[in-house]
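Structure first, then comments.
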């Protein structure tokens, strides 16, 4: 690796510029740290320039007689260690995550808080843009409207990027908000959604809860993994990602299919799951509105998507303004839609839930709470009959299949209560 | 339409109102025989006599208090306070008398009086004759505060002020008196409490008062050459604020710069900034920028005075910061 | 209008003085019982000035008062009940509870108004006189103020202007010897403030403020002078307040015996004694009893009245549209 030899304010002397008087080593010569390799002169006196390290003088930048400012590079020494700047982090991994995912870890670590203008926040919330993935170009790195709009324009390109497939080998896309709390809360979305469905809810959780949203395989920005046709398989993929994130204990919030995955994950023992908050989880009964699932998966136009989305809420009027557009924007990819349609066929054959999560629910030893809208048209609330008595059930009137959007304050509160009822860290 | 100087427009307003209503009378220092140090009241004593145009002793405190109670008891006095720098002498009469009576006495009295004064720097008048103490009077509930930036508004707003049943503080600017502008013919009465958009723009809203409106317009020209289109809003009334105009503009441009010739700290711009935050926070893509006189006494020598006062350059810089 | 009050006039003055005294004493009791709010500035002992000075005024004449104005209010014809209701912060007060005891106003009776800023009533009355003069009305403005206020800048400015413009205003200085806790000998460069009148080009009159008839006479003459267009008069009426500068007064600054000395010159028994030969004891007692009853009824009613509900004041709003 080439190390620069620079002019510094050596010896505390005030200098503004120096003249190179002599080189004591030539290109190719071996030098040792501390050897005098050049002599420079200021208005006052001559100074020696020493090699900063062992190595070979690789390059002379300033010739004898050149005048340099303080901090300028005189020459370069090759210290023999080879280049450090090549090879990205994901070197041997067959799954090549999209650039957004690679960049995201830096932001997660750097910021407890996203700095964005009020307008940028408003647009991001309306359009479902995750501010932690947006680069700010305003003063001091503030995210401004133009940055959010740029992210919106670039998002489809990201989704269209080639995402290789492979069982268990792909890291899922995750998004962490790290503020307080030793055991994070993992959020698992439902079929045909992605982790952005939690955005409005996360805002209400308060600073003491650390959260990690996961895009299930073939959803959002996660790779389209093969053989994901059961909650257990999906749970394995999630577990592998979480373990790779360094997590061993967590709470889980799961919605619909994500609820079934949550139960499967808790049951598998791969991680210590301390509590479960399940929003209308799949797997408690056979019925599911398969037509809606297929319709959602396959919709290519805002009009058809909007119609299917209406079925998810208590009434079509409960669909938030701009929601359909936001969802459409994130589903602009043929490959994603094909994958999800196929997945629906595997998980919900003939419009029926092909798996039973009741035993897993009954086996779960920690606090578990179900939140279910009484007007849920996708998974009817009657599926909660006959549940084990230790399972808390919150029936919410005038809410459909999306309580995290229809009643975010209530859901946030109940999540908080569930997490706290699991007690402190052990 | 006629092209008038700002001072002439004020003179016309006073003359017309005094002709229209015999209860209107004027008092102030040097306003009668001399016609006022800025000639706003020229020839009025000749027309209306010494009872209705009164030269007064140097007694701002008593005169302001007298104007208040004269207004309470059947006449409509217009008091001239020669320099805004003398407003502190009037504050007891404004804060403890004029502004409270309509409320404290449960509507038993109305106070149709106008206090006219002029302020502002740039004329080398020194630290005691160059200030803009808009914030002092705008702070007091129960007063209306108006600052015309053009001859048309000078006439229209002064007529409106004289007809208003509430106390109005009318803020003129010494460097605007000679400004020429079109003034509508006929009975031209403006509306107190309405701002005016003088230049439309999509990138940044500049809310300015008095002479700073013209500096803001100059800034807009310079910014336009850089591709930044500024919307210049002349507030015209400092209190009560035209809230809907302010909010609409910020919602449109997402950036706001407030310009007032008073000092910046605790100044009028600080209130505008807070108002914009209260009512248009989510439309803001950047913090509100304030441009005002630097927080120090206003010096005399030209380079010193010009460095302290706000101008088109500082307004343009603020706009650039906002959209950066 | 005459320069001397008739017997009926005097009897009415007596009645009003009794009303005021009983009002002050009742307020004192209520204050001790914790039923009043904020400090109250009683005028016990000064009644003759306020009552005597206003006895000849009409509703179309204006007066401005001070923080110690209860005698001025009653003298100008205000209803004791509505004054008391205002002092007790009731909705039924003259100002719906918004003003309190120092800033009462009744525009219909020309009492506009009390003022808690010392001296502010002086330019206020002067300004009213401007309007009177400009509109050619047959009226005067009178300002009652104290020896403390006589030292303010606005007093000097106003008197100069009033005399210069020959305004129909009467400056009635209620000299009660003290500005708050400091004797006027430590506040004024001259003992008799009326000497300053000459400096303002107006007549100065010095009278015994505890002689209601003398007050009446001096003020009547000044009113006539003002109405003739001859300008203002400064009348200095020497008097004394028995009960401290306010209900917060902790005392200790008045020499021993001074209060007793002035109590011996209490204006009410003085007028009563002068009237006895004209009107008779029985009539006087009846008038007294009626006066006290009026005050008792006023307090009883006012104490039962509701407190006001809050409403925002449109003219004070900062925005031209309701947000």
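Residue numbers (this note's numbering), protein chains in the order written: chain A, 1 to 426; chain B, 1001 to 1324; chain C, 2001 to 2323.
Glycine residues also receive a C-beta, built at the ideal position from the N, C-alpha and C atoms.
If you're wondering where the values come from, they're calculated on a predicted model, not measured in any experiment.
Contact annotation, residue 2219 of chain C with residue 2004 of chain C: C-beta distance approximately 12 Å; criterion of less than 8 Å not satisfied.
Taken in chain order, the unbroken stretches of beta strand (DSSP E) that lie wholly in the segment 1015 to 1060 of chain B and span 3 residues or more are 1024 to 1028 and 1053 to 1055.
Secondary structure note for residue 275 of chain A: its beta strand (DSSP E) is the uninterrupted segment 272 to 279. The shortest CA-to-CA distance from residue 1038 of chain B to any of B:1090, B:1174 and B:1106 is the one to B:1174. Non-local beta-carbon contacts of residue 1008 of chain B in its own chain, meaning distances under 8 Å to residues more than five positions away in sequence, involve 1151 in chain order. By alpha-carbon distance to residue 284 of chain A, the top candidate from A:141, A:72, A:343 and A:384 is A:384. The straight-line gap separating the alpha-carbon atoms of residue 1240 of chain B and residue 1286 of chain B is approximately 26 Å.
Within the DSSP bridge table, the entry for residue 1144 of chain B names B:1168 as partners.
When C-alpha distances from residue 2260 of chain C are compared across C:2059, C:2243, C:2273 and C:2299, the shortest belongs to C:2243.
Restricted to the segment 1237 to 1271 of chain B, the beta strand (DSSP E) segments that are unbroken, complete and at least 3 residues in length are 1237 to 1239 and 1256 to 1263, listed in chain order. Under the 9 Å criterion on CB atoms, residue 1282 of chain B is classed as interfacial with respect to chain A.
Between the C-alpha atoms of residue 270 of chain A and residue 239 of chain A there is a straight-line separation of about 6 Å. Per DSSP, reduced to three states, the secondary structure at residue 2245 of chain C is coil, with no helix or strand assignment. Sequence-ordered contacts of the segment 1098 to 1112 of chain B with chain C read 1102, 1103, 1104, 1105, 1106, 1108 and 1109 [C-beta pairs closer than 7 Å]. DSSP lists C:2143 and C:2234 as the bridge partner or partners of residue 2171 of chain C.
No residue range can be given for residue 2256 of chain C, since it is assigned to no alpha helix (DSSP H) and is classified by DSSP as neither H nor E. Around the CB of residue 2135 of chain C, fewer than 16 other CB atoms lie within 10 Å, so the residue is classed as exposed. Judged by DSSP in its simplified three-state form, residue 372 of chain A adopts strand. Residue 2113 of chain C belongs to the set of residues whose beta carbon lies under 9 Å from a beta carbon in chain B.
Against chain B, the CB of residue 2067 of chain C has no partner CB under 9 Å away; the residue lies outside that interface. Under a 10 Å Cβ-count criterion, residue 1226 of chain B is classified as exposed, with fewer than 16 other Cβ atoms of the shown protein chains found around its own Cβ.
DSSP places residue 250 of chain A within a strand segment (E or B) once states are collapsed to three.
Excluding sequence positions up to five before and after residue 298 of chain A, its CB lies within less than 7 Å of the CB of 337 and 341, all in the same chain and listed in chain order. Taking 8 Å as the upper bound for CB-CB distance, residue 1147 of chain B and residue 1209 of chain B are in contact here, some 5 Å apart.
Between the C-alpha atoms of residue 60 of chain A and residue 138 of chain A there is a straight-line separation of about 40 Å. Each of C:2040, C:2262 and C:2069 was checked against the Cα of residue 2027 of chain C, and the nearest Cα belongs to C:2040. For residue 1286 of chain B, the chain A residues whose C-beta falls within less than 9 Å of its own C-beta are 117, 119, 138, 139, 142 and 144, listed in chain order.
For the pair of segments examined, the segment 224 to 237 of chain A was found to touch the segment 256 to 275 of chain A: the number of CB pairs separated by less than 8 Å reaches three. In its chain, beyond the 5 residues on either side, 2147 and 2177 have a beta carbon closer than 6 Å to the beta carbon of residue 2184 of chain C.
A check of alpha carbon separations from residue 1165 of chain B across B:1101, B:1194 and B:1274 identifies B:1101 as the nearest. When rounded, the separation of the alpha-carbon atoms in residue 1315 of chain B and residue 1262 of chain B is 14 Å. Using a Cβ-Cβ cut-off of 9 Å, residue 2202 of chain C does not count as an interface residue toward chain B, since no Cβ of chain B sits closer than that to its own. No Cβ of chain C is located within less than 9 Å of the beta carbon of residue 1169 of chain B.
Around residue 1324 of chain B, the beta-carbon contacts reaching into chain A at under 8 Å are 138 and 139. Close to residue 122 of chain A, with beta-carbon spacing below 9 Å, are these residues of chain B in chain order: 1282 and 1283. Residue 390 of chain A sits away from residue 414 of chain A, with the two beta carbons spaced by 9 Å or more.
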